[in-house]
Amino acid sequence: MRRLVRYGIRILREEGLTPFLSKFLKFLKSYLYAPVALISLFATGRSFSEAMLVLPLGKPLDRVDALLDPPFNPTPPMVKDTVKANHISRYLFAIDLFDKYDVGPEHLDVACGVGYANKIFRTLRPGTNYLGVEIDSAAINYANAHYGNEANYVRGNAAHLPLKENSRDSVSCFETLEHVNDDKKLLNELRRVVSDDGCIIVSVPNNQDLSRMDTKEQLKDYPHVNSYDARSFERLLNDVFEDSAIDTYIQQKVVQNPQRIEDSRAQTPYGFYRKDSGDCSEETGVLIGVVRGL
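Quick look at the structure:
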C-alpha cells in the first residue's frame, strides 16, 4: 500500500492531476471488486495468503486455477469471462493438435504460472505427464501445494530450462516471448528440449503497439518488451526453425463464455483459424505458431 501511495504522489507531482486521476480510476475498479474475488477464492478452499497471491496487483485472476475448480466458478467482475476464455482456449487448441499429430505424453508447459493447465490436460488428455516450469517462486509453491500430487513443477528460467535434450514430446509457451529480451534464445531452448518428432506451440499478442502507452514511466513499468505483427512473428519462427514445418494460426478475440472443460471435446475451440497469408485483422487477438519436424 505504501508503495502504491508513493507511486501516486510521484505521478501527481511529475505528470499532473489528469494523468493521476486516470490511473487512480483504473486501480479503483480492482479495489472495489477485491472482496468479490476473495470470496470466490475462499469458496474453493484457498487460504488468505493464497488469495492475496492472485488478487489484482498480484497474479492475473484470469490465469488462476481457483477460478476453474470446480470446472468453472463464476469469475469475479474485474475479469471478463472472455479474457479467461482466451487463456483456456489456447490449451484446448494445443491438446487438439497434439492428438491430431499423435504426439507423445511428455508435455512441458513453459511459464506455467500457478499451473492450472495441468487440470485441462488431465481431463482431456489422460496419461499426459505434465511438467510446468515457472520463474516465479510463489507461483511454483502454489502449484506444488495444489497440484504436486498430480504433476511436476520446477522453478526455472525459460531461456535456461533445467531439462535434458530431446526429453519432451511437446511444449506449450503462451504469452511469454513478449516478456523476454532475447526471444530467439528462448525459442532455441524450446527446440533443444523437444524430441525430433515432437511439437512446439507458442503464442504472442497480435500487433500490440507499445507506443500507445500514456507515459514513458508507464512504458517502463509495462511487462512487455517485444511487439509482434503477423509478418515479424512468422519471420522469427522461420529464423529459428528454418528446417521445420511451421503453421501459423490466429486466435480471434473470444466473444463467448468459456466452454466447460468436459464439454470442449464436442468441437474445436472457438475462434482459431489457419493463417494463410498477409496481415491479420484487428479482431485477431493472438498469433499462434505450431512447429513440427524438429
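The sequence shown runs 1 to 294 under UniProt numbering. Glycine included, every Cβ here is placed at the ideal spot set by N, Cα and C.
Can you grab the Cα-Cα spacing for the pair residue i / residue j, in whole Å?
| i | j | result |
| --- | --- | --- |
| phenylalanine 98 | glycine 16 | 52 Å |
| leucine 219 | tyrosine 91 | Confidence at leucine 219 is low in this model, with a pLDDT of 41, below 50, so its placement is unreliable and the value that follows should be read with caution. In a straight line, the C-alpha of leucine 219 is about 29 Å away from that of tyrosine 91. |
| valine 290 | alanine 145 | 32 Å |
| valine 204 | glycine 113 | 16 Å |
| residue 318 | leucine 294 | With the chain covering only 1 through 294, there is no way to say anything about residue 318. |
| aspartate 214 | proline 19 | In this prediction, aspartate 214 has a pLDDT of 48, which is less than 50 and means its spatial position is unreliable; what the coordinates show is noted afterwards. Spanning the two alpha carbons is a distance of roughly 8 Å. |
| glutamate 234 | isoleucine 11 | 39 Å |
| proline 126 | asparagine 206 | 32 Å |
| isoleucine 239 | valine 171 | Looking at the sequence itself, residue 239 is aspartate, so the reference to isoleucine does not match. Answer to the nearest angstrom: the Cα atoms are 19 Å apart. |
| leucine 108 | glutamate 14 | 45 Å |
| glutamate 186 | glutamate 175 | Correcting the residue identity first, residue 186 is leucine in this sequence and not glutamate. Their Cα atoms are separated by approximately 13 Å. |
| tyrosine 273 | tyrosine 249 | 5 Å |
| residue 295 | phenylalanine 121 | Residue 295 cannot be examined here, being either before or after the span of the chain that is shown, 1 to 294. |
| tyrosine 153 | glycine 285 | 29 Å |
| serine 137 | tyrosine 147 | 15 Å |
| serine 195 | alanine 143 | 26 Å |
| arginine 6 | aspartate 197 | 53 Å |
By alpha-carbon positions, which one of the options ends up nearest to residue i?
| i | options | result |
| --- | --- | --- |
| glutamate 165 | Asn149, Asn188, Gly148 | Asn188 |
| glycine 156 | Tyr249, His87, Val110, Ile288 | Val110 |
| glycine 104 | Thr128, Asn238, Tyr228, Tyr273 | Thr128 |
| glutamate 150 | Leu131, Ile135, Ala85, Leu163 | Leu131 |
| serine 227 | Val171, Asp96, Leu287 | Leu287 |
| leucine 190 | Pro205, Lys275, Cys173 | Cys173 |
| glutamine 251 | Ala230, Asp239, Phe241, Glu242 | Ala230 |
| glycine 271 | Phe93, Glu14, Arg10, Thr18 | Phe93 |
| asparagine 181 | Ile135, Ile95, Val133, Ala159 | Ala159 |
| aspartate 96 | Gly285, Ile201, Thr176 | Ile201 |
| glutamate 178 | Asn152, Gly148, Arg6, Ser232 | Ser232 |
| lysine 184 | Tyr153, Asn141, Glu242 | Glu242 |
Please work out which residues of its chain come closer than 7 Å, Cβ to Cβ, to residue i, disregarding the five sequence neighbours upstream and downstream, and give them in chain order.
| i | result |
| --- | --- |
| arginine 292 | Tyr101, Cys199, Ser244, Ala245 |
| leucine 161 | Val133, Glu189, Val193 |
| lysine 275 | Ala230, Thr248, Tyr249, Ile250 |
Once the 5 residues before and after residue i are set aside, which same chain residues still bring their CB inside 6 Å of it?
| i | result |
| --- | --- |
| glutamate 106 | Asn129, Arg168, Asp169 |
| residue 299 | Residue 299 lies beyond the residue range present for the chain, which begins at 1 and ends at 294; the question has no answer from this structure. |
| leucine 237 | Ile246, Gly289 |
| alanine 139 | Gly113, Val114 |
| isoleucine 9 | none |
Mapping the DSSP letters down to three states, classify residue i as helix, strand or coil.
| i | result |
| --- | --- |
| asparagine 206 | strand |
| valine 291 | strand |
| arginine 125 | coil |
| serine 227 | coil |
| glutamate 150 | coil |
| threonine 248 | strand |
| serine 167 | coil |
| isoleucine 11 | helix |
| tyrosine 91 | helix |
| glutamate 134 | strand |
| glutamate 189 | helix |
| glutamate 242 | coil |
| glutamate 175 | coil |
| aspartate 197 | strand |
| aspartate 182 | coil |
| aspartate 102 | coil |
| alanine 273 | It should be noted that the sequence gives tyrosine, not alanine, for residue 273. Strand at tyrosine 273. |
| glycine 58 | Residue placement at glycine 58 is poorly supported in this model, since its pLDDT is 44, which falls under 50; the coordinates still yield a value, given next. Glycine 58: coil per DSSP, three-state reduction. |
| leucine 108 | strand |
So is residue i in contact with chain C if we call contact Cβ pairs under 8 Å?
| i | result |
| --- | --- |
| tyrosine 130 | In the structure shown, chain C does not exist; there is a single protein chain. |
Excluding the 5 residues preceding and the 5 following residue i in the sequence, name in chain order all residues of the same chain whose CB lies nearer than 8 Å to its CB.
| i | result |
| --- | --- |
| isoleucine 135 | Ala111, Arg155, Gly156, Asn157, Ala158 |
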